[in-house]
Amino acid sequence: MKCSRPKCPYKVERAGLCYKHYIASPDTGFMPAQPVRAHMDRLRAAGWTWAAIAQAAGLTDQGVYYIRGARTVQRATYTAIMSIPVVDGDGMVDSLGSARRIQALMAIGWSQAECARRLKMTPQRLWHTMQHKRIRADKARAIDALFRELCMTPGKSVRARNYAHASGWPPPLGWDCIDDPNETPNLGDRYASFLERYEDAISIGIPLLELPRRLGLLPDSLAASMRRNNIPVPNELYSLCSARRKTA
2 MKCSRPKCPY KVERAGLCYK HYIASPDTGF MPAQPVRAHM DRLRAAGWTW
52 AAIAQAAGLT DQGVYYIRGA RTVQRATYTA IMSIPVVDGD GMVDSLGSAR
102 RIQALMAIGW SQAECARRLK MTPQRLWHTM QHKRIRADKA RAIDALFREL
152 CMTPGKSVRA RNYAHASGWP PPLGWDCIDD PNETPNLGDR YASFLERYED
202 AISIGIPLLE LPRRLGLLPD SLAASMRRNN IPVPNELYSL CSARRKTA
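Offset between the sequence shown (1-based) and my numbering: plus 1.
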């Protein structure tokens with residue numbers, strides 16, 4: 002059987018492709034194993050067992066054992082393991098990435114109610130979950146799976162899209178690394194700057210301690226953005242930053 006790529010004369014090696022096209026495909030091919038091993042080491046340090054890692058990634062125990070000595074891994078395996086959040090021993094993970102994912106889906110028209118329905122939660126429960134600093138790792142994985150499913154498909158809710166735009170929430174493609182607390186999203190010309198969003202939030206009376214969540218930033222990132230824009234940082238925000246670092 003020949004490769005499924007047009008005009009390719011070579012025989013199939015994997016997934017209907019010849020070796021050359023399999024390696025080059027963005028959905029298949031191989032990736033270096035070292036970053037995967039480093040991530041598994043972080044998971045182990047956080048209390049994950051090898052069996053738990055295998056289960057979360059959809060692999061066999063033998064497959065995880067193979068990675069520990071391999072030079073390369075399949076791209077699907079790389080993605081599956083690298084997407085496992087590093088949780089604390091209590092099974093909790095920072096909620097910032099999850100909140101950003103829901104906000105990004107709303108920015109392309111997926112309502113909070115529809116996201117909640119697909120997550121088998123009530124809208125109120127999803128909202129309250131996003132207000133907490135930490136959420137259960139299984140909920141974070143469920144939100145990540147929903148984000149992967151919907152992030153390239155526009156939703157139908159104009160209201161959600163308008164609300165997200167007014168809040169300055171970037172769409173999925175506005176993030177390079179959505180879980181990085183220090184990343185500033187690429188909002189493009191269609192979206193308001195930090196200063197505009199900050200001033201809008203202040204003008205409508207958003208309390209200081211709610212600003213980080215409203216703007217999709219960690220307290221430290223909010224303080225840094227304020228300093229970059231020559232905005233005095235209140236002591237209350239510094240106290241919030243300090244308290245968060247102590248409990249992180």
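Think of the CB as a built atom: it goes at the ideal place given N, C-alpha and C, for glycine as much as any other residue. No experiment lies behind these values; they were computed from the predicted model shown.
Note the first and the last residue of the continuous alpha helix (DSSP H) segment covering residue 42. Counted from its first residue, the sequence shown places residue 42 at position 41. 35 to 46 is the extent of the alpha helix (DSSP H) around residue 42.
Since residue 95 is in the beta strand (DSSP E), which residue starts that stretch and which ends it? As a working mapping, residue 95 is identified with position 94 in the sequence shown. Its beta strand (DSSP E) spans residues 93 to 95.
Candidates 125, 147, 129 and 135, of which the one nearest residue 111 by Cα: What you label residue 111 is simply residue 110 of the sequence shown in a count that begins at 1. For residue 111, the nearest C-alpha among the options comes from 147.
Would you kindly work out how many angstroms separate the C-alpha atoms of residue 72 and residue 195, rounded to a whole number? Translated into positions along the sequence shown, residue 72 becomes position 71. Translated into positions along the sequence shown, residue 195 becomes position 194. Cα-Cα distance, rounded: 43 angstroms.
Check this for me: beta carbons of residue 74 and residue 34, under 7 angstroms apart or not? Within the sequence shown, residue 74 is the residue found at index 73, counting from 1. Within the sequence shown, residue 34 is the residue found at index 33, counting from 1. For residue 74 and residue 34, yes; Cβs fall inside 7 angstroms.
How many whole angstroms separate the CB atoms of residue 108 and residue 171, which I take to be in contact at a CB cut-off of 8 angstroms? Residue 108 sits at position 107 when you count from the first residue of the sequence shown. Residue 171 sits at position 170 when you count from the first residue of the sequence shown. That pair is a contact at about 6 angstroms.
Can you grab the Cα-Cα spacing for the pair residue 191 / residue 13, in whole Å? Locating residue 191 in the sequence shown gives position 190, counting from the first residue. Locating residue 13 in the sequence shown gives position 12, counting from the first residue. Residue confidence is low: residue 191 scores 49 on pLDDT, short of 50, so the model does not pin down where it sits. Its coordinate-derived value is still stated next. Across the structure, residue 191 and residue 13 are spaced so that their CA atoms are roughly 45 angstroms apart.
Assign residue 167 to one of two classes, buried (16 or more other C-beta atoms within 10 Å of its C-beta) or exposed (fewer than that). Here residue 167 is taken as the residue at index 166 of the sequence shown, counted from 1. With fewer than 16 Cβ atoms within 10 Å of its Cβ, residue 167 is classed as exposed.
May I ask you to report which of helix, strand or coil DSSP gives residue 61? Residue numbering aside, residue 61 sits at position 60 when the sequence shown is read from its first letter. Coil, per DSSP.
Measure the CB-CB distance between residue 173 and residue 105 and report whether it falls below 7 angstroms. Here residue 173 corresponds to residue number 172 of the sequence shown, with the count starting at 1. Here residue 105 corresponds to residue number 104 of the sequence shown, with the count starting at 1. Their beta carbons are under 7 angstroms apart, which means residue 173 touches residue 105 by this criterion.
I want to know whether the segment 112 to 123 touches the segment 236 to 246 - three or more CB-CB distances under 8 angstroms. Result no; under three Cβ-Cβ pairs closer than 8 angstroms.
Do you know how far the Cα of residue 136 is from the Cα of residue 58? Residue numbering aside, residue 58 sits at position 57 when the sequence shown is read from its first letter. Residue numbering aside, residue 136 sits at position 135 when the sequence shown is read from its first letter. Their backbone Cα atoms lie some 20 angstroms apart in a straight line.
Would you kindly check if the distance between the Cβ of residue 242 and the Cβ of residue 208 is under 7 angstroms? Along the sequence shown, one-based indexing puts residue 208 at 207. Along the sequence shown, one-based indexing puts residue 242 at 241. No, these two residues do not count as a Cβ contact at 7 angstroms.
Could you check the C-alpha separation between residue 180 and residue 2 for me, to the nearest Å? Here residue 180 refers to the residue found at position 179 when the sequence shown is read from its first residue. Here residue 2 refers to the residue found at position 1 when the sequence shown is read from its first residue. A direct Cα-Cα distance of roughly 42 angstroms separates residue 180 from residue 2.
Between which residues of its own chain and residue 157 is the CB-CB distance below 8 angstroms, once the five residues before and five after are set aside? Locating residue 157 in the sequence shown gives position 156, counting from the first residue. Closer than 8 angstroms at the Cβ level, and outside the excluded window around residue 157, lie 110.
Check whether the Cβ atoms of residue 94 and residue 47 lie closer than 7 angstroms to each other. Within the sequence shown, the letter at position 93 stands for residue 94. Within the sequence shown, the letter at position 46 stands for residue 47. Against a cut-off of 7 angstroms, the Cβ pair of residue 47 and residue 94 comes out as no contact.
Where does residue 83 fall in DSSP's three states? The residue labelled residue 83 in the question sits at position 82 within the sequence shown. When secondary structure is reduced to three states using DSSP, residue 83 falls in the helix class.
Three-state secondary structure (DSSP) at residue 244? In the sequence shown, counting from the first residue as 1, residue 244 sits at position 243. Note: residue 244 maps to helix in three-state DSSP.
DSSP bridge partner residues for residue 31 (one or two, in chain order): Taking the sequence shown and counting its residues from 1, the one referred to as residue 31 is at position 30. According to DSSP, which records beta bridges pairwise, residue 31 is partnered with 75.
Note down the Cα distance separating residue 27 from residue 210, rounded to an integer number of angstroms. By one-based count along the sequence shown, residue 27 stands at place 26. By one-based count along the sequence shown, residue 210 stands at place 209. Bear in mind that the predicted position of residue 27 carries a pLDDT of just 47, short of 50, making it unreliable; the figure below should be weighed with that in mind. Whole-angstrom Cα-Cα distance: 42 angstroms.
Excluding the 5 residues preceding and the 5 following residue 233 in the sequence, name in chain order all residues of the same chain whose CB lies nearer than 8 angstroms to its CB. Taking the first residue of the sequence shown as position 1, residue 233 is located at position 232. Once the five neighbours on either side are set aside, the close Cβ partners of residue 233 are 227.
Answer with buried or exposed for residue 159, where buried requires no fewer than 16 other C-beta atoms within 10 angstroms of its C-beta. As a position in the sequence shown, residue 159 is number 158, starting the count at 1. Under this definition residue 159 is an exposed residue.
Cα separation between residue 184 and residue 223? Along the sequence shown, read from residue 1 onward, the residue named residue 184 stands at position 183. Along the sequence shown, read from residue 1 onward, the residue named residue 223 stands at position 222. The C-alpha of residue 223 is placed about 11 angstroms away from the C-alpha of residue 184.
Local Cβ density within 10 Å of residue 204, reported as buried at 16 or more and exposed below that: Here residue 204 refers to the residue found at position 203 when the sequence shown is read from its first residue. Residue environment: residue 204 is assigned as exposed (fewer than 16 neighbouring CB atoms within 10 Å of its CB, all protein chains considered).
Beta-carbon separation (whole angstroms), residue 79 vs residue 122, contact threshold 8 angstroms: The count along the sequence shown starts at 1 and reaches residue 79 at position 78. The count along the sequence shown starts at 1 and reaches residue 122 at position 121. The pair is not a contact, with the Cβ atoms about 30 angstroms apart (cut-off 8 angstroms).
For residue 1, does the count of other Cβ atoms within 10 angstroms reach 16, so buried, or fall short, so exposed? In the structure as shown, the chain begins at 2 and stops at 249. Residue 1 is therefore absent and cannot be evaluated.
Tell me the residue span of the alpha helix (DSSP H) that contains residue 136. In the sequence shown, residue 136 corresponds to position 135, counting from 1. Residue 136 -> not in any alpha helix (DSSP H); beta strand (DSSP E) instead, spanning 135 to 137.
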